[in-house]
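Residue numbers (the numbering used here): 1144 to 1518.
C-beta atoms are modelled at their ideal positions from N, C-alpha and C, and glycine is treated no differently.
All values reported here derive from a predicted model rather than from experimental measurement.
This report refers to the structure that appears directly beneath it.
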Amino acid sequence: MKSIFLLIVFLCSIGFLHGSESESSKSEKVVTVSYETPASPPGAYFADPFKHTNTIGKKWILSMAKKEGVDEDIAKYDGEWAIGEWNEPLLKYDYGLIVKKKARHHAISSKLDRIFHFSSKKPLIVQYDVKFQEGQECGGAYIKLLTHLPTLKLEHAAPQSTQPIESYFTDRKTHLYTLVLNPDDSYIIYIDQKEIVRGNLKTSLEPSIIPPEEIDDPNDRKPEDWDEREEIPDSKAVKPDDWDEEVDGTYEAPLIKNPKCASAPGCGEWKRPTKRNPAYKGKWLPPMIKNPAYKAYLCYGKWKPRQIPNPDYFDVENIFSTMEPIKQSVLESLVEAANTRPWLWAVYFVMTLIPVVLVCIYCFGSSKVRLMIWR
């Protein structure tokens, strides 16, 4: 009877707790988190978090250009653009630039807030987010960097990444693409802050944007007696008696080495000889000037390195006191250990006294004592 009563009380307690949880869950309110537009990074030449949906035609201009070398019906950029939310937005008012129609050519542009001059010797960093909401079938999502002075157009093949990148276009997730173009003409491409490929505008592009040292001589012509056949039919070969042309086909004599290749250079594929490139100027190097930041002497500790807070290292006030904190830390460790274990003071005393006694005996004792010590 007592067991039954306890069981009923236990079940009532469970029911009460379940009812309390249900009531508390009903009373809880779902808090909606609104999207906060990030501020433009300081010093940015261009930034657009797409805070407003009405900037197409104002900040963003639709392209009226036509593609060259294609039919008229596909020459226009007739795709439709919009600024709005994703298909499945996580935050309200989180807008982006959206391609509205499939199988269309899209192009849209916007100017930088100010001109970026490569003579500033600063890296140019371009990055943007892309989300292929319905996967990627055919096309691309790229940015063209146009100069305000139309003096150079690059259409060169860049080195391809050796890492698999197909998943970035098919997983329907947002990815961050970054280009870093350094003053030394080297570049690095990142996806989600992971390096994908790197190269150099001068050496990695094909063909190179730097004129070659030698070029084909346009005035040279292939000699009339030049034989490009490396092998020729064997004139001494005879068709076998059992050769059936209906079954085996037309008989062709086996090939042998062209005898002209052994005695004369006029053999093999003819290639136009090269000559000195009149436009070649060699590798360009900037002229040397006096370095305004050069400091001739560091004798008095005037120079101070940049200080970075690091809990695992010491702040360096100048380059000549780097080891001082390390010495102090060892002494402090010995004192702290002796305070924890007082008997260590006796060990320290004995270890310090033994060398002193030995030195005194050696310097002031008799020769016999010194001999015994050495023995």
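Does residue i come out as helix, strand or coil in the three-state DSSP assignment?
i	result
Leu-1205	strand
Glu-1280	coil
Phe-1457	Summary for Phe-1457: the model assigns pLDDT 30, below 50, so the residue's position carries little reliability; its value from the coordinates is reported in the next sentence. Correct three-state label for Phe-1457: coil.
Thr-1198	coil
Asp-1191	coil
Asp-1216	helix
Val-1499	helix
Trp-1386	coil
Thr-1313	helix
Asp-1391	helix
Trp-1141	This structure cannot settle anything about residue 1141, because the visible part of the chain is limited to 1144 through 1518.
Asn-1230	coil
Lys-1365	coil
Ser-1263	helix
Val-1493	helix
Ala-1481	helix
With distances taken Cα to Cα, identify the nearest neighbour of residue i among the options.
i	options	result
Thr-1317	Asp-1384, Tyr-1271, Phe-1193 and Leu-1267	Tyr-1271
Pro-1361	Leu-1322, Thr-1417, Tyr-1333 and Val-1323	Thr-1417
Gly-1227	Leu-1205, Asp-1216, Asn-1197 and Ile-1217	Asn-1197
Ser-1378	Gly-1392, Pro-1192, Glu-1389 and Leu-1398	Leu-1398
Gly-1186	Pro-1266, Asp-1216, Thr-1321 and Phe-1193	Pro-1266
Gly-1342	Asp-1328, Ile-1334 and Gln-1336	Asp-1328
Ile-1251	Leu-1292, Ser-1206 and Phe-1259	Ser-1206
Pro-1376	Asp-1359, Ile-1258, Lys-1400 and Glu-1309	Lys-1400
Pro-1326	Lys-1382, Phe-1259 and Lys-1219	Phe-1259
Ile-1308	Leu-1292, His-1291 and Lys-1337	Lys-1337
Asp-1256	Pro-1184, Val-1273, Pro-1350 and Val-1381	Pro-1184
Have a look at residue i and residue j and give me their C-alpha separation to the nearest angstrom.
i	j	result
Ala-1396	Pro-1366	28 Å
Ser-1263	Ile-1331	19 Å
Ser-1167	Val-1176	Bear in mind that the predicted position of Ser-1167 carries a pLDDT of just 47, short of 50, making it too unreliable to give a figure here.
Trp-1486	Leu-1501	23 Å
Leu-1344	Pro-1232	39 Å
Ala-1284	Arg-1419	42 Å
Val-1242	Gly-1392	60 Å
Leu-1319	Asn-1482	56 Å
Arg-1247	Trp-1203	18 Å
Ala-1182	Phe-1261	25 Å
Gly-1239	Lys-1287	19 Å
Tyr-1236	Gly-1282	28 Å
Phe-1189	Ile-1268	11 Å
Leu-1289	Ala-1208	14 Å
Val-1499	Arg-1484	25 Å
Glu-1356	Asp-1384	58 Å
Arg-1315	Ile-1339	19 Å
Glu-1335	Val-1213	With the sequence shown as reference, residue 1335 is identified as Asp, and Glu is not the correct amino acid for it. Each residue's alpha carbon lies about 35 Å from the other.
Pro-1452	Lys-1194	Residue confidence is low: Pro-1452 scores 37 on pLDDT, short of 50, so the model does not pin down where it sits. No coordinate-derived value is stated.
Glu-1389	Asp-1363	47 Å
Leu-1348	Gly-1200	36 Å
Ile-1352	Trp-1386	58 Å
Thr-1180	Lys-1274	18 Å
Lys-1219	Tyr-1394	57 Å
Glu-1211	Ile-1217	10 Å
Ala-1489	Cys-1506	26 Å
Asp-1191	Ile-1358	46 Å
His-1291	Val-1323	20 Å
Tyr-1491	Cys-1503	19 Å
Pro-1350	Glu-1215	31 Å
Going by the beta-carbon positions, is the gap between residue i and residue j smaller than 8 Å?
i	j	result
Gly-1222	Lys-1244	yes
Trp-1229	His-1249	no
Thr-1313	Gln-1276	no
Tyr-1333	Thr-1321	yes
Leu-1234	Tyr-1311	no
Given the structure, does residue i come close to the ligand SAH, in the sense that its CB is under 7 Å from one of the ligand's heavy atoms?
i	result
Glu-1389	Judged by which ligands are present, the structure shown has none, so any question about the ligand SAH falls away.
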